[in-house]
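So the sequence shown is numbered by this note's numbering: it starts at 562 and just counts up by one. We put the beta carbon where it would ideally sit given N, CA and C, even for glycine. Keep in mind that this is a model prediction, so the values were computed, not measured.
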Amino acid sequence: MNTTWKLKGMLFFFHSSMTILISYLPVYFQALGLTGGQIGVLLAAGPAASIIAQPFWGFMSDKWKTVKRVLLICLSGALATGFIVFQVTEYLLLIPLIYLFFTFMSPAGGLGDSLAQKVSVVKGVSFGSIRMWGSLGFAFSSLGGGIILTQIGIMNIYYVLAFFIVIALFFTYFAPDGEPSKKPVKLVNALKLAKNMKLLLFLLMCFAISLTHRINDSFIGLYIIELGGNESYIGMAWFIGVATEALVFALSVYWMRRFHPLTLIAIAGAVYVVRWLLMAAVPNPEFLLAVQVLHGISFGMFYLTAFQFVSRLLPEELESTGHLLFISVFFGISGVIGSLIGGTVMNYYELSVLYWIMFFLALTGLAGALLYRASFLRNNRGQNEPA
Numbered sequence: 562m563n564t565t566w567k568l569k570g571m572l573f574f575f576h577s578s579m580t581i582l583i584s585y586l587p588v589y590f591q592a593l594g595l596t597g598g599q600i601g602v603l604l605a606a607g608p609a610a611s612i613i614a615q616p617f618w619g620f621m622s623d624k625w626k627t628v629k630r631v632l633l634i635c636l637s638g639a640l641a642t643g644f645i646v647f648q649v650t651e652y653l654l655l656i657p658l659i660y661l662f663f664t665f666m667s668p669a670g671g672l673g674d675s676l677a678q679k680v681s682v683v684k685g686v687s688f689g690s691i692r693m694w695g696s697l698g699f700a701f702s703s704l705g706g707g708i709i710l711t712q713i714g715i716m717n718i719y720y721v722l723a724f725f726i727v728i729a730l731f732f733t734y735f736a737p738d739g740e741p742s743k744k745p746v747k748l749v750n751a752l753k754l755a756k757n758m759k760l761l762l763f764l765l766m767c768f769a770i771s772l773t774h775r776i777n778d779s780f781i782g783l784y785i786i787e788l789g790g791n792e793s794y795i796g797m798a799w800f801i802g803v804a805t806e807a808l809v810f811a812l813s814v815y816w817m818r819r820f821h822p823l824t825l826i827a828i829a830g831a832v833y834v835v836r837w838l839l840m841a842a843v844p845n846p847e848f849l850l851a852v853q854v855l856h857g858i859s860f861g862m863f864y865l866t867a868f869q870f871v872s873r874l875l876p877e878e879l880e881s882t883g884h885l886l887f888i889s890v891f892f893g894i895s896g897v898i899g900s901l902i903g904g905t906v907m908n909y910y911e912l913s914v915l916y917w918i919m920f921f922l923a924l925t926g927l928a929g930a931l932l933y934r935a936s937f938l939r940n941n942r943g944q945n946e947p948a
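What follows is the structure, encoded as structure tokens:
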């Protein structure tokens, strides 16, 4: 019997829980009376934790040759530490607590995606057809979460978060595990990844684009509030963006085989440039909702393609380590720097200025993507790959 539906259920409800954090945590901090700079620091604490936690838990899953059990540990730890986080209102106490919470919470997403990649190979199905269920969970809970939190109040955010995590734990327990590599995993081999120049340059190129993505993740909710919207608008914005993302994932089996991954990454970078230009100029929250359609095309194409391409640059036995290293860069390092930049800009300017900065950063990332593509294709001629 095809057991991928259990994995799809886990992705659906885990990403539902992430919706609550990404979409509404900045609004929750604002409701506590924190300043823009303080919010920026707290939003940076989570990605800072992921910089170490992502590669660590990825390596442990390769070492123990199980993704599923490590995922159960992370989700259980997030559920327990999250309860403490949302009982505390003191800013200085929140910093270490948020760091601890995301030490468990942040790797769960990467582990889920790594497990989906492994299972897709074993089952002979496309990675996108499994991963799209995470996007669907994100989309529907962003819409429902906005409505629920508007009714019960943003201060009750933990109860909505815990509900989704508990169900994700249930599905994880029954989900299939990945087929482990038969090669032994040693720490020294993982450390050698730091000398892999193709991997490092690829991660640097991804960072330039992911930085703009993570800034938007952290501040789009506050931008909507600044434009005159409320929690329902925030939920609708995420629903539109991630619903189109799910569609891109669902159709990935058709578009991924026609073009080289690095070509698709460059296209996604160009869409990011257009997206931030439009976001910087939006006059009201209604116009912003229309621009959110570009989220699915930019992030959906970029993340899915880059996540799978990074496997080409890694030894088989360190696949999960490499996947979570990529996610550590995409969501962790980018999240720390992006949150600090956004919090600083928010203290002195309107948030539209932040989107102009993101526009120029995305241009830099696009240039890097084109240069990396040209170099890679030049060094790998004669392999009959699509352009």
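Check	Outcome
Taking 7 angstroms as the cut-off, decide whether the C-beta atoms of Ser703 and Gly597 are in contact.	no
For a test of the three-state rule: what should DSSP assign to Trp714, helix, strand or coil?	Checking the sequence, you will find Gly at residue 714 rather than Trp. In the structure shown, Gly714 sits in coil (DSSP, three-state: anything other than H, G, I, E or B).
Let me confirm a value: Gly607 is counted as buried when at least 16 other C-beta atoms fall within 10 Å, else exposed. Which label applies?	buried
What are the boundary residues of the alpha helix (DSSP H) that Gln599 is part of?	597 to 625
Using beta-carbon positions only, say whether Phe688 and Ser696 come within less than 7 angstroms of one another.	no
Mind checking Arg775: buried by the 16 CB within 10 Å criterion, or exposed?	buried
Between which two residues does the alpha helix (DSSP H) carrying Pro668 extend?	652 to 684
Between Met907, Ala736, Gly926, which has its C-alpha nearest Ser771's C-alpha?	Gly926
Tell me which residue opens and which closes the alpha helix (DSSP H) that Pro822 is part of.	822 to 841
Express the C-alpha separation of Asn940 and Tyr585 in angstroms, rounding to a whole number.	45 angstroms
Using alpha carbons as the reference points, say which of Pro616, Val721, Ile888 lies closest to Leu764.	Ile888
Tell me the rounded alpha-carbon separation between Ile715 and Pro587.	10 angstroms
Note down the Cα distance separating Val721 from Leu710, rounded to an integer number of angstroms.	8 angstroms
Near Met562, which residues of its chain fall below 7 angstroms by C-beta distance, leaving aside the five closest residues on each side in sequence?	Low confidence applies here, because Met562 scores a pLDDT of 44, under 50, leaving its location unreliable and the question unanswered by this model.
Restricting to Cα atoms, I'd like to know which of Glu880, Val890, Ile898 is closest to Ala864.	Note on residue identity: the sequence assigns Tyr, not Ala, to residue 864. Nearest C-alpha to Tyr864: Val890.
Which residues in the same chain have their Cβ closer than 6 angstroms to the Cβ of Val843, if we skip the five residues on either side of it in sequence?	Leu849
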